[in-house]
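Residue numbers (my numbering), protein chains in the order written: chain F, 324 to 513; chain B, 324 to 513.
Protein chains: 2
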Amino acid sequence: MSGTTRALRSDAERTVRTILEAAERVLSRNPAASMEQIAEAAGVARTTVHRRFASREALVEAMARWATQQFAEAVDAACPENAPPLVALYQVTANVLRVKIDWGFTMRVMDADPEAGKVYADIAERCERLLIRARDAGVLRADADLDWSRRVFYALLHEAAACRDGDPDALATQVVDTLLRGVGTSRGLS
Amino acid sequence: MSGTTRALRSDAERTVRTILEAAERVLSRNPAASMEQIAEAAGVARTTVHRRFASREALVEAMARWATQQFAEAVDAACPENAPPLVALYQVTANVLRVKIDWGFTMRVMDADPEAGKVYADIAERCERLLIRARDAGVLRADADLDWSRRVFYALLHEAAACRDGDPDALATQVVDTLLRGVGTSRGLS
DNA sequence: ACGACTTGCAACGATAATGATGCAAGTCGG
DNA sequence: CCGACTTGCATCATTATCGTTGCAAGTCGT
Numbered sequence: 324m325s326g327t328t329r330a331l332r333s334d335a336e337r338t339v340r341t342i343l344e345a346a347e348r349v350l351s352r353n354p355a356a357s358m359e360q361i362a363e364a365a366g367v368a369r370t371t372v373h374r375r376f377a378s379r380e381a382l383v384e385a386m387a388r389w390a391t392q393q394f395a396e397a398v399d400a401a402c403p404e405n406a407p408p409l410v411a412l413y414q415v416t417a418n419v420l421r422v423k424i425d426w427g428f429t430m431r432v433m434d435a436d437p438e439a440g441k442v443y444a445d446i447a448e449r450c451e452r453l454l455i456r457a458r459d460a461g462v463l464r465a466d467a468d469l470d471w472s473r474r475v476f477y478a479l480l481h482e483a484a485a486c487r488d489g490d491p492d493a494l495a496t497q498v499v500d501t502l503l504r505g506v507g508t509s510r511g512l513s
Numbered sequence: 324m325s326g327t328t329r330a331l332r333s334d335a336e337r338t339v340r341t342i343l344e345a346a347e348r349v350l351s352r353n354p355a356a357s358m359e360q361i362a363e364a365a366g367v368a369r370t371t372v373h374r375r376f377a378s379r380e381a382l383v384e385a386m387a388r389w390a391t392q393q394f395a396e397a398v399d400a401a402c403p404e405n406a407p408p409l410v411a412l413y414q415v416t417a418n419v420l421r422v423k424i425d426w427g428f429t430m431r432v433m434d435a436d437p438e439a440g441k442v443y444a445d446i447a448e449r450c451e452r453l454l455i456r457a458r459d460a461g462v463l464r465a466d467a468d469l470d471w472s473r474r475v476f477y478a479l480l481h482e483a484a485a486c487r488d489g490d491p492d493a494l495a496t497q498v499v500d501t502l503l504r505g506v507g508t509s510r511g512l513s
């Protein structure tokens, strides 16, 4: 019985995953896409989508929860509170990029869901703390605006995730390098 | 007759402008907002919107054209092909910010319209040339990836436009500074 | 082969947005 | 005051999407 249940639930969950991934794919191109289009992209009937997710809202909520979990795991794996700031920064970047490349749309609209929004805010705070550590370690400028720095960091992550080519590690290097040094020379500025 | 025509057309165009601005305001908060909501925000009846714009698509197209014109003028005013690269960079940033703060939504979805898309691509090319001049002048690093630099520039503009507070000049200084120097110190990087 | 479960298909009702129209009322220049 | 023009309001048909349901067919473990 447990075997049966496990097998059946495995099937069901595979379908759910397929739908979630298709939804991400379709909605990232057209946020106003219909359930029909999502179902078609997932290779299932529209009714199947409605059986798994009571409403469109429930679908995006499920997407948000899933992406949130991936997001949090990506951050956790980088040990942003313990590792040396520069190392943590790089690790966070690489790990988050891997998630964001596949879940860009969901991560942009995640804050709508209250549950995901909490995790999102929590991660922002952890990011803030990491930046403080980085500043104290002399990695960030002493006069750096932490909120602005964090938002630039997010923006660079977003931009790097838009290049779907190249491996996450190379992109992470580019992101951290640009975040800390910019793209200019040292000359010519006040 | 010409006086009458001018006065009447002035009224009509004032209404059109009001609708366009309301649409930007509403759609930036909710891209799926209905014509009803847009009309309400503009303080006119829904039918009036439909009289001015045959369809929703036509409305967005008009928004795209208008924002495109503002965008192009903002770039032109900065003389990006003649002024010293650093000066031009700053001027472009400040001018574009002024537009982007009020037309953020439209400028994000502009590429849908073919007409606006052409101007958009043209501006991207002018930006690219400005960056080349900046690199040749030693403002940008010699090994800087120009496409990546441009996209970082765009991303910073986008982020700065999200702060609706603070004057565009101060924001422009921050954007250019971050673009060229980043937020880190010179130490601690390879 | 049996049973539990899932899926596709076809069809349904409900709801909301869209776009069009006729008419009365209003403004404004001449 | 007249005429051109625009707007608001009420109303209409059309369409798309949504969410639900019943039923037949299929899979998979036992």
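Think of the CB as a built atom: it goes at the ideal place given N, C-alpha and C, for glycine as much as any other residue.
Within a Cβ cutoff of 7 Å, which residues of the same chain sit near residue i, ignoring the five residues on either side of it in sequence?
i: Met324(B); result: Residue confidence for Met324(B) is low, a pLDDT of 33 falling below 50, so the modelled location carries little weight and cannot support an answer.
i: Ser472(F); result: Leu454 and Leu463
i: Arg329(B); result: A caution first: Arg329(B) carries a pLDDT of 42, below 50, which makes its placement in the model too unreliable to give a value.
i: Arg348(F); result: Ala364
i: Ala495(B); result: Tyr413, Thr416, Ala417 and Leu420
i: Trp426(B); result: Glu347, Ala390 and Gln393
i: Leu350(F); result: Ala356 and Phe428
i: Met386(F); result: Leu343, Ala346, Glu347 and Thr429
i: Asp434(F); result: Gly440 and Tyr443
i: Gln360(F); result: Val349
What do you reckon, are the CB atoms on residue i and residue j nearer than 8 Å?
i: Thr429(F); j: Ala390(F); result: yes
i: Val372(B); j: Ile342(B); result: yes
i: Leu420(B); j: Ala478(F); result: no
i: Val499(F); j: Tyr413(F); result: yes
i: Ala484(F); j: Val506(B); result: no
i: Arg379(F); j: Met358(F); result: yes
i: Val422(F); j: Phe394(F); result: yes
i: Glu336(B); j: Arg388(B); result: no
i: Ala362(B); j: Ala368(B); result: yes
i: Thr508(B); j: Gly461(F); result: yes
i: Ile424(B); j: Arg340(B); result: no
Have a look at the DSSP bridge pairing and note the partners of residue i.
i: Leu463(F); result: Gly507(B)
Go ahead and pull the three-state DSSP assignment for residue i.
i: Asp399(B); result: helix
i: Trp471(B); result: helix
i: Arg456(F); result: helix
i: Trp264(B); result: Because residue 264(B) is not part of the residues shown, which for chain B are 324 to 513, the question remains open.
i: Asn418(B); result: helix
i: Asp445(B); result: helix
i: Asp486(F); result: The identity of residue 486(F) in the sequence shown is Cys, whereas the question assumes Asp. It is coil, neither helix nor strand.
i: Val432(B); result: helix
i: Gly366(B); result: coil
i: Phe476(F); result: helix
i: Glu359(B); result: helix
i: Glu438(F); result: helix
i: Ala377(F); result: coil
i: Glu404(F); result: coil
i: Pro491(F); result: helix
i: Arg329(F); result: In this prediction, Arg329(F) has a pLDDT of 42, which is less than 50 and means its spatial position is unreliable; nothing more can be read from the coordinates.
Can you give me the Cβ contacts of residue i inside the same chain, cut-off strictly under 8 Å, excluding the 5 residues immediately before and after it?
i: Arg449(F); result: Val398, Pro403 and Glu404
i: Ala465(F); result: Arg458
i: Ala406(F); result: Gln414
i: Arg452(B); result: Pro403 and Glu404
Can you say whether residue i is buried or exposed, counting buried as having 16 or more other CB atoms within 10 angstroms of its CB?
i: Arg458(B); result: buried
i: Thr501(F); result: buried
i: Lys441(B); result: exposed
i: Gln392(F); result: exposed
i: Ala411(F); result: buried
i: Ala346(B); result: buried
i: Asp436(B); result: buried
i: Arg504(F); result: buried
i: Thr370(B); result: exposed
i: Arg456(F); result: buried
i: Glu396(F); result: exposed
i: Ala401(B); result: buried
i: Pro354(F); result: exposed
i: Glu482(F); result: buried
Which same chain residues end up closer than 6 Å to residue i when comparing Cβ atoms and leaving out the 5 residues on each side of it in sequence?
i: Pro491(F); result: Ala417, Leu420 and Arg421
i: Gly326(F); result: Any reading at Gly326(F) must be qualified, since the residue scores a pLDDT of 33, below 50, and its modelled position is unreliable; the value itself is stated next. Closer than 6 Å at the Cβ level, and outside the excluded window around Gly326(F), lies no residue.
i: Leu409(B); result: Val462
i: Ile446(B); result: Val398
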